[in-house]
Structures are given as structure tokens and as C-alpha cells.
């Protein structure tokens with residue numbers, strides 16, 4: 004059982020796990036047990052520890068540092084079910100040298116893992132509220148554990164709405180999960196694409212357009228989101244128009260994270276470090292820095 008403590012300097016609504024790796028800079032060896040191609044450029048790795056430890060406890064929203072031997076390391080959100088700690092999963096898009104190397108791993112191959120690191124979604128604070136989850140593209144991966152948690156504790160939440168936007172129907176992640184989640188009568192799922200293709204009968208347009216008609220109580224809603232920063236900026240604007248309070252909006256930030264513990268400074272955002280103080284932030288706490296243009 005994970006215990007928690009307050010992280011007052013960033014947000015009174017965020018909790019961090021009290022356990023940390025004994026040596027956060029030393030990777031542990033994990034073996035690939037399963038690979039799954041999600042889209043043409045996105046894949047999921049399922050992993051197990053080579054030391055026999057069957058439980059990798061994490062909290063939805065946290066990330067690991069994945070090390071491809073001989074190539075390098077990168078930060079990837081955990082995308083698996085927190086109720087199944089024996090199945091560590093990461094879903095990522097092929098965008099560079101490290102993710103390309105990871106995409107070539109097959110069952111039986113090994114890699115390094117450091118983590119878990121970072122803050123996470125305020126699912127305890129959201130209890131009793133409606134919950135709106137907004138994902139853009141690969142941003143659905145960090146939100147997936149939150150959906151699993153909410154469904155496992157469904158009685159603790161009000162209305163739950165998932166809004167997912169992606170480029171084309173071929174870029175839709177976790178199709179099996181989305182279909183299963185849609186079958187829940189107490190969970191509403193809306194999917195939209197930027198560009199429709201032959202056979203697509205769903206919504207067309209950016210994900211922010213869905214917020215205007217999403218069913219939730221504006222005065223009793225916790226919103227959590229992950230995706231491109233420009234998407235999150237417009238999503239926040241639409242949520243504020245609906246009357247959602249800024250202190251009930253949470254975002255997951257991405258920067259070039261190298262160390263995961265605030266040593267290197269690559270991911271600094273104003274007075275904070277995305278790896279150590281984030282990646283999940285309460286919007287009103289970083290509003291000024293979030294609105295600054297990144298060069």
C-alpha cells in the first residue's frame with residue numbers, strides 16, 4: 004500500500020508517494036514480455052523485472068525513465084493499469100533515436116527502468132466531483148491509468164467524461180479500451196479527429212469543440228488533461244468559459260527531461276522543474292509560466 008504526503012510548495016491538491024528509488028540514478032533491468040503496435044508510429048511495451056519483483060507500484064500520471072542499452076534514455080509516462088502492478092506498460096510514439104531503439108525490442112529483450120517519478124493526477128481530490136479527462140493524441144497514454152482507477156472506484160465520482168482528439172481515425176490509440184469504456188453506462192466517451200477519412204462516422208474537428216457540449220457540472224468538476232501545449236491552452240480557455248474554476252484544472256507538462264530528479268535543469272519551467280515538481284500541475288499554480296512562449 005502506497006502512503007502519501009503533501010507537496011505544499013507546488014499545490015495543496017497534489018500528493019507524492021513517500022517511497023522513492025534507493026538510487027534514483029541507477030536503472031533496474033526489465034524484460035519485455037509483450038509488444039503491441041497501437042498505430043503506424045505508436046507502440047506499447049509490457050515489462051517485468053528480471054529480479055523477480057512482480058509489483059511495480061505507481062500512481063496515475065507518473066513516469067519512468069526508459070533506457071535503451073547502447074542508445075540512451077528518455078522519459079515516458081506509465082500507461083498501464085495501477086490495479087495490475089505486475090504488468091508495467093509504457094506507450095510511446097517513435098519520435099527520435101531512443102524511441103526508435105525501444106520500438107525494435109521484442110519479447111525476451113531487456114532494457115533499463117528508473118522510477119517511478121513525478122506528481123500525479125489529483126484523483127483523491129476529485130472524489131465527489133464530476134471528472135472531465137481531455138486527451139490529445141499520445142496524451143491519452145498518461146490519462147489511461149486514471150481512467151482505470153476511476154472505473155475501479157466508480158462510486159467515488161460523479162459524472163465522468165473522456166474527450167479524445169487525434170489527427171485521423173488511423174491515429175486512434177487504445178481502440179479496444181475505448182470500445183470497452185464506451186460500453187460503461189456511467190462513463191461517456193467522445194472521440195474526434197482533425198481529418199476524416201473514408202468510413203469515419205464520428206466527430207470531426209478539434210477536441211476543444213467537444214467541451215461545449217460535454218455533460219458535466221461546471222461548479223463541481225475536476226478537469227485533467229494531457230496533449231500538445233497549444234491544445235491544452237485552448238482546452239483551458241473553453242473550460243474557463245464553461246465556468247470551471249482554474250484551481251480545478253490540472254495539466255501534464257512535457258519538457259526535455261534528462262535526469263528525472265531536478266539535477267540537470269533541462270526541464271526547468273520558471274521556478275519549477277517538470278521532472279521533480281510535475282509533470283502534473285494545477286493550472287493556477289503555473290498559469291504565468293505556462294502562457295510564456297517556448298523558444
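Residue numbers (the numbering used here): 4 to 298. Ideal Cβ placement from N, Cα and C applies to all residues, glycine included.
Are there 16 or more other CB atoms within 10 angstroms of the CB of residue 294, so buried, or fewer, so exposed?
Counting of Cβ neighbours within 10 angstroms places residue 294 among the exposed residues, the total staying below 16.
Taking the C-alpha atoms as reference points, what is the distance between residue 91 and residue 292?
Those two C-alpha atoms are separated by around 33 Å.
Count the other CB atoms, across all protein chains shown, that sit within 10 Å of the CB of residue 29; report buried if there are 16 or more and exposed otherwise.
Exposed, since its Cβ has fewer than 16 Cβ neighbours within 10 Å.
Answer yes if the region 209 to 217 comes into contact with the region 167 to 181, meaning at least three C-beta pairs across the two stretches below 8 Å, and no otherwise.
Yes: at least three Cβ pairs fall under 8 Å.
Looking only at its own chain, which residues have a Cβ that is under 6 Å from the Cβ of residue 206, when we skip the five neighbours before and after it?
Take residue 206, set aside five residues on each side of it, and the residues of its chain with a beta-carbon closer than 6 Å to its own are 195, in chain order.
Inter-stretch contact at 8 Å, needing at least 3 Cβ pairs: the region 73 to 86 / the region 122 to 130:
Segments in contact, no.
Going by DSSP in three states, residue 217 sits in which element: helix, strand or coil?
Residue 217: coil per DSSP, three-state reduction.
Cβ pair count under 8 Å reaching 3, the region 149 to 162 against the region 245 to 262
Between the region 149 to 162 and the region 245 to 262, the count of Cβ pairs shorter than 8 Å is below three; the stretches do not touch.
Inter-stretch contact (C-beta, 8 Å, three-pair minimum) for the region 52 to 66 and the region 95 to 112:
Contact between the region 52 to 66 and the region 95 to 112 is absent, because fewer than three Cβ pairs lie under 8 Å.
Which one of 172, 177, 202, 164 has the shortest CA to CA distance from residue 188?
Answer by Cα proximity: 164.
Shortest alpha-carbon distance to residue 151 belongs to which of 61, 32, 283, 139?
That would be 61, whose Cα lies nearest to the Cα of residue 151.
Across the region 91 to 100 and the region 270 to 285, are there enough close Cβ pairs to call them in contact, namely three or more that are closer than 8 Å?
Cβ pair count under 8 Å is below three, so no.
Using DSSP bridges, identify the partner residues of residue 1.
The requested residue 1 is not part of the displayed model; the chain covers only 4 to 298.
For the beta strand (DSSP E) holding residue 114, just list the boundary residues, first then last.
Counting along the chain, the beta strand (DSSP E) containing residue 114 begins and ends at 113 to 120.
Give every residue of the same chain whose Cβ lies closer than 6 Å to the Cβ of residue 272, excluding the five residues on either side of it in the sequence, and list them in chain order.
Within the same chain, 292 come within 6 Å of residue 272 by CB-CB distance, once the 5 residues on both sides are set aside.
Starting from the C-beta of residue 3, find all residues in its chain whose C-beta is less than 7 Å away, skip the five residues before and the five after it, and write them out in chain order.
Absent from the structure is residue 3, since the part of the chain shown begins at 4 and ends at 298.
Provide the residue span of the alpha helix (DSSP H) that contains residue 171, from first to last.
Careful: residue 171 lies outside any alpha helix (DSSP H) and carries neither H nor E.
Secondary structure of residue 234, DSSP reduced to three states
Three-state result, residue 234: helix.
Under 8 Å between the Cβ atoms of residue 231 and residue 140?
It is a contact, given that the beta carbons lie within the stated cut-off.
Select from 263, 257, 204, 228 the residue whose C-alpha is nearest the C-alpha of residue 300.
Here the chain comprises residues numbered 4 to 298, so residue 300 is not present and cannot be evaluated.
Reference residue 38; option with closest CA among 95, 296, 47
It is 47 whose Cα lies nearest to the Cα of residue 38.
In chain order, which continuous runs of the beta strand (DSSP E) of length 3 or greater are located wholly inside the region 85 to 145?
With a minimum length of 3 residues, the continuous beta strand (DSSP E) runs that stay inside the region 85 to 145 are 91 to 96, 113 to 120, 133 to 139.
Here's the rule I'm using: 16 or more other beta-carbon atoms within 10 Å means buried, otherwise exposed. How should residue 375 be labelled?
Nothing about residue 375 can be reported from this structure: the residues present for the chain run from 4 to 298 only.
Which one of 179, 177, 173, 87 has the shortest CA to CA distance from residue 203?
Per the Cα distances, 173.
Could you pull out every residue in the same chain whose Cβ sits closer than 7 Å to the Cβ of residue 71, ignoring the five residues on either side in sequence?
Apart from sequence neighbours up to five positions away, the residues of its chain that approach residue 71 with a beta-carbon distance below 7 Å are 101, 104, 105, 114, ordered along the chain.
Run through DSSP, which three-state label would residue 150 get?
Residue 150 falls in the helix class under three-state DSSP.
Between 267, 68, 296, 131, which lies nearest to residue 120 when the distance is taken from Cα to Cα?
Out of 267, 68, 296, 131, 68 has the C-alpha closest to the C-alpha of residue 120.
Distance check for residue 186 and residue 274, CA to CA, integer angstroms please.
Take the alpha-carbon of residue 274 and the one of residue 186: they are about 43 Å apart.
If you draw a straight line from the C-alpha of residue 386 to the C-alpha of residue 162, how long is it?
Since the first and last residues shown for the chain are 4 and 298, residue 386 lies out of range.
Kindly indicate which residue of 83, 116, 134 has the alpha-carbon position closest to the one of residue 191.
Looking at the Cα atoms, 134 is the closest of the given residues.
Sequence ranges, beta strand (DSSP E) only - wholly within the region 220 to 293, length at least 3:
224 to 229, 252 to 255, 283 to 285, all fully within the region 220 to 293.
Could you tell me the alpha carbon to alpha carbon distance between residue 217 and residue 116, rounded to whole angstroms?
One Cα belongs to residue 217, the other to residue 116, and the distance between them is close to 38 Å.
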